[in-house]
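Which chain is which? The protein sequence lines are H and X, in order.
Taken in order, the first sequence gives residues 1 to 299; the numbers are from the working numbering.
Taken in order, the second sequence gives residues 1 to 524; the numbers are from the working numbering.
Beta carbons are placed, not taken as given, at the ideal position from N, Cα and C, and that holds for glycine.
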Amino acid sequence: MKSALRTENLYKQFWRVEALRGLNLAVPEGSIYALVGPNGAGKTTAIKILMNILRATNGRAEVLETESTQLNQKQFTSIGYVSENQDLPDWMRVDSFFAFLRPFYPSWDLSLENELVRQFDLPLKRKLRNLSRGMRMKAALASALAYHPKLIVLDEPFTGLDPLVRDELIQGLLDRAEESTILVSSHDLAEIESFASHIGYLEEGRLRFSEELTTLLDRFREVELTFDSPPPLPSNAPDTWMQLSTAAAVVRFIESRFDPERTIAQVKSVLGEARNVTFSPMSLRSIFLVMAKASRDGM
Amino acid sequence: MRQVIHIFLKDLRHYWRESAVSAGLLVAFAWNEMRGWAHDDELAVGLGGFFNFGFLSGLIVALVPLAWSFLAVRAIQGESLVGNRQFWVTRPYEWKKLLTAKVLFVLVFVNLPLLITQVFLLARAGFSPTQHAVGLLWMQMTMFLFFILPIAALATVTGTVVQMILALLIVVLYAVGMGFLSEHIPSSGFSGPVDSVTAGLLICGCVFVILIQYARRETTKARLTLVGLAGTLLLILVFAPYRTFVDHEFPPINSGQTASLQISLLPPDKAFRETAAPEEDNEVQVRMPIRVSGMASGSVVIASGVLIRIESNGILWDSGWKSPGLFVFPEQGQSQIDFALKKKTFERFQSSTVKIRVSLALSVFQERNTREFVTPDGSFLLSEVGHCFAEGGYFGRIHCLAALRGPSFLLLKADMTKNTCPLTKGESPRTPGEIAWGWVQNGGSEPAEFGITSVKTVNLYLSSTNIYPRDWGLGICPGTELTVSTPQMLRREQIEVQFEGVHLPEYRQGEAKVRATSVVLRSR
Chain H
1 MKSALRTENL YKQFWRVEAL RGLNLAVPEG SIYALVGPNG AGKTTAIKIL MNILRATNGR
61 AEVLETESTQ LNQKQFTSIG YVSENQDLPD WMRVDSFFAF LRPFYPSWDL SLENELVRQF
121 DLPLKRKLRN LSRGMRMKAA LASALAYHPK LIVLDEPFTG LDPLVRDELI QGLLDRAEES
181 TILVSSHDLA EIESFASHIG YLEEGRLRFS EELTTLLDRF REVELTFDSP PPLPSNAPDT
241 WMQLSTAAAV VRFIESRFDP ERTIAQVKSV LGEARNVTFS PMSLRSIFLV MAKASRDGM
Chain X
1 MRQVIHIFLK DLRHYWRESA VSAGLLVAFA WNEMRGWAHD DELAVGLGGF FNFGFLSGLI
61 VALVPLAWSF LAVRAIQGES LVGNRQFWVT RPYEWKKLLT AKVLFVLVFV NLPLLITQVF
121 LLARAGFSPT QHAVGLLWMQ MTMFLFFILP IAALATVTGT VVQMILALLI VVLYAVGMGF
181 LSEHIPSSGF SGPVDSVTAG LLICGCVFVI LIQYARRETT KARLTLVGLA GTLLLILVFA
241 PYRTFVDHEF PPINSGQTAS LQISLLPPDK AFRETAAPEE DNEVQVRMPI RVSGMASGSV
301 VIASGVLIRI ESNGILWDSG WKSPGLFVFP EQGQSQIDFA LKKKTFERFQ SSTVKIRVSL
361 ALSVFQERNT REFVTPDGSF LLSEVGHCFA EGGYFGRIHC LAALRGPSFL LLKADMTKNT
421 CPLTKGESPR TPGEIAWGWV QNGGSEPAEF GITSVKTVNL YLSSTNIYPR DWGLGICPGT
481 ELTVSTPQML RREQIEVQFE GVHLPEYRQG EAKVRATSVV LRSR
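Encoded structure:
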């Protein structure tokens, strides 16, 4: 599948701090790709390099088949970028902001603009500086959707927003998802889970994994085994077992490469025959926490 | 072009208040200038001494460039080039069009109002603006290159007005430091090609910074460029071979050549010796009266530079080239060379006689287009300058308005026995043969001077240079006969004379008198 966004061995260093350490990322065309990771993982840096806001120290990035450093007027007519900490022209009213942007985009759709204004309930006559955080984000998103961009890049769009606004933003995005590739970085895993098709987990400047969300949710299981008597903690547990713990005759762990037959066989070989085995699906948030904890513990 | 106009109109909507203030100040400036034509000296305007004409005038002159700077900075920082949070960097802006829009904004709201004001002032002063079109464009260009461009370069590397003010403070401190340093670098007044190199570097550096910021937004590189530029200018100031420049510009005359003038040392000036130097002065002022002879009739010599070297008992002191700006005329007969030594240096020379070598860098002029002229009553046209009128009284003068620039060199000569100005009470009549001179020299051949106003004020005074010391401020009144000429430069040369066996303390200014403060109590 073609990639709308791609990075190869991307490095970024701010003085002595390495923000990105060889990031290899590929966002499939047409996907809704969620880039997740703890604070300081390098998500915003990666996105800013992709948008040609920052220059990479090393490596390369490609956006819509163009080197990110070569992104120019033409490419930006097909890209919608919204960031939580973007400086908007606060002195403009919402309607004049849209009016100012319109001539920049040959594909600006006035009826879509009106639709977005209605959908987001935007106060057209109010100045951007007087909008609430949620309203500002909605105005920014509307201004980035009204020209049918091929690529929508959202950097932490849901941070600090109330659930209602988040829902409105997500709905606004999903309504236009078919015609675009969407890259969204976020901490809000519960929201991401509801609409992302792909997910990448970035940590310490490296991509730990990147896959379809359904695949990720399928391969993570919380495993609970009940034995007749308390088994000793095995020293030869597979690498895919995480947070292995025992409580009396019950052993629990997280399987990160779940396959019913293979996992049962591994349990039998490492711990012996269990009286009862349960495999519970995990939420994205739980998986994220497991991954973060495992990383912190040096696993 | 559509994008350029679109951004320009957005800036127009956003910065109309700043533009209006700037235009208002320019109107005030024009009004103030016109008042100044009639009120060259301070004139109270009714709000007490503080808000006199001079103060208001200075305030307006300072506020106009400040308003322009603010306007340009606001417009440039409207699409800030510093940081990575600006919304516009991920919008379909084309940097060349953005830059063009900003240049257009500055041209429309700084240069155009300035041009209109200059045309208006010229017309009001009685000059034809169309005849001075080249000069007007020259003023616009110099204003853009030497004022707007540096301001714009700073605006591109600062994100906010506050940052810009801090940057300007640093620039001011740097300029003050450079000025202080240049005072302590011998001969640095003779910059020769340094000024051109400095101006070229400044313009190129600013253009580079602006381009790199708009094209790539590489703020660190742009800021380092400005720091590097400042460092380069500092190095040029410190290490420029000034003496070589002087020798190149004023070639020493060969043994076979005749100098434009000869000088010899005269006895010390008693009046000067009796003048007490300021107590806190760390320097000793020395005055060497000189006899001047051998000048060709109709010539004028300007001592553009003087270099003093004093030798005694193996000790050598060198003043470095200084610019005394000394004018010498054939009828003058005598003049003086002043210089200062540190007290400690002077003390090393005061016990014995010294040898003084004086080098003079001379600009030799010959009077041209000489004509007789009787100062009319009321307004008149002095073709070499512009529209003038004679102010009467003992300190009478000719007050002129000139278009775009003062004259390159204008010389006035008057026989003071024929002066029509009234004598003041107790003043004795002028003695026959007493010649007074007046001159205005702006140098250069540029079509206009750098500045805001298109109408320059030129005041012509006379000084009786063959009276020693000079008697400044001799009047020119209606009816005063003058000889007017526009001297042309013939050559530049350097002469050196040597005075042996000079007892330096005889030529120094009187020593500081110790001021005793006492309180007398009287009882009845």
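Shown here, Pro252 of chain X sits in a strand according to DSSP, grouped into three states. Annotation: Gln13 of chain H has no Cβ neighbours in chain X at a cutoff of 8 Å; minimum Cβ distance is about 13 Å. Looking at the DSSP output, Gly386 of chain X sits in a beta bridge with X:Leu382 and X:Ala402. Here Ser185 of chain H is bridged, per DSSP, to H:Leu35 and H:Asp155.
Shown in chain order are the members of the stretch 40-62 of chain H whose Cβ falls below 9 Å from a Cβ of chain X: Lys48, Met51, Asn52, Ile53, Leu54 and Arg55. Taking 7 Å as the cut-off, the beta carbon of Val300 of chain X is found no closer than this to the beta carbon of Phe373 of chain X. When Cβ pairs closer than 8 Å are counted between the two stretches, the stretch 10-24 of chain X is seen not to touch the stretch 244-256 of chain H, the count staying below three. Contact annotation for Leu101 of chain H against chain X: Arg91 [CB-CB distance below 8 Å, chain order].
Under the 8 Å Cβ criterion, the stretch 121-133 of chain H does not count as touching the stretch 71-87 of chain X, having fewer than three qualifying pairs.
Annotated three-state conformation of Ala155 of chain X is helix, per DSSP.
Chain X places no beta carbon closer than 7 Å to that of Thr278 of chain H, leaving this residue out of the contacts.
The stretch 242-262 of chain X makes no contact with the stretch 213-227 of chain X, as fewer than three CB pairs between them are under 8 Å. Each residue's CA atom was taken as its position, placing Phe253 of chain H and Leu35 of chain H some 26 Å apart. By the CB criterion at 7 Å, Leu213 of chain H and Ala196 of chain H fall inside the cutoff.
Under the three-state reduction of DSSP, Ala303 of chain X is assigned to strand. The residue among H:Thr57, H:Leu110 and H:Ala146 with its C-alpha nearest the C-alpha of Asn9 of chain H is H:Thr57.
Nearest to Leu25 of chain H by alpha-carbon distance, out of H:Ser3, H:Ala19 and H:Gly40, is H:Ser3.
The count of Cβ pairs closer than 8 Å, one atom from the stretch 428-439 of chain X and one from the stretch 140-159 of chain X, stays below three, leaving the stretches out of contact. The stretch 43-53 of chain H and the stretch 208-225 of chain H do not touch, with fewer than three beta-carbon pairs separated by less than 8 Å. Against Arg2 of chain X, the close residues of chain H are Pro103, in the order they occur along the chain (beta-carbon pairs closer than 8 Å). As for any beta strand (DSSP E) of minimum length 3 sitting wholly inside the stretch 228-256 of chain H, the runs are 241-247 and 250-255, ordered along the chain. For Glu255 of chain H and Leu211 of chain X, the gap between their C-alpha atoms comes out near 56 Å. Shortest Cα-Cα distance from Gly298 of chain X to any of X:Phe349, X:Arg368, X:Leu235 and X:Leu307 involves X:Arg368. Beta-bridge partners assigned by DSSP to Pro267 of chain X: none are found. For Leu122 of chain X against Val455 of chain X, the beta-carbon gap comes to about 6 Å, under 8 Å, which counts as contact.
In the structure shown, Val27 of chain H falls within a strand segment according to DSSP collapsed to helix, strand and coil.
Assigned with DSSP and collapsed to three states, Tyr242 of chain X falls in helix. Exposed is the label assigned to Ser323 of chain X, since fewer than 16 other Cβ atoms lie within 10 Å of its Cβ.
Assigned with DSSP and collapsed to three states, Trp437 of chain X falls in strand. Residue pairing for Arg309 of chain X: DSSP places it in a beta bridge opposite X:Asp318 and X:Arg357. Inter-residue distance for Ser31 of chain H and Phe227 of chain H is about 43 Å (C-alpha atoms, whole angstroms). DSSP places Ala46 of chain H in no beta strand (DSSP E) but in the uninterrupted alpha helix (DSSP H) bounded by Lys43 to Leu50. Rounded to whole angstroms, the separation of the alpha carbons of Met489 of chain X and Ala414 of chain X is 22 Å. As computed with DSSP, Lys456 of chain X is found in a beta bridge with X:Ala402. Note on Thr225 of chain X: 16 or more other CB atoms within 10 angstroms of its CB, so buried under the neighbour-count rule. Flagged as an interface residue toward chain X: Tyr81 of chain H, by a C-beta distance shorter than 7 Å.
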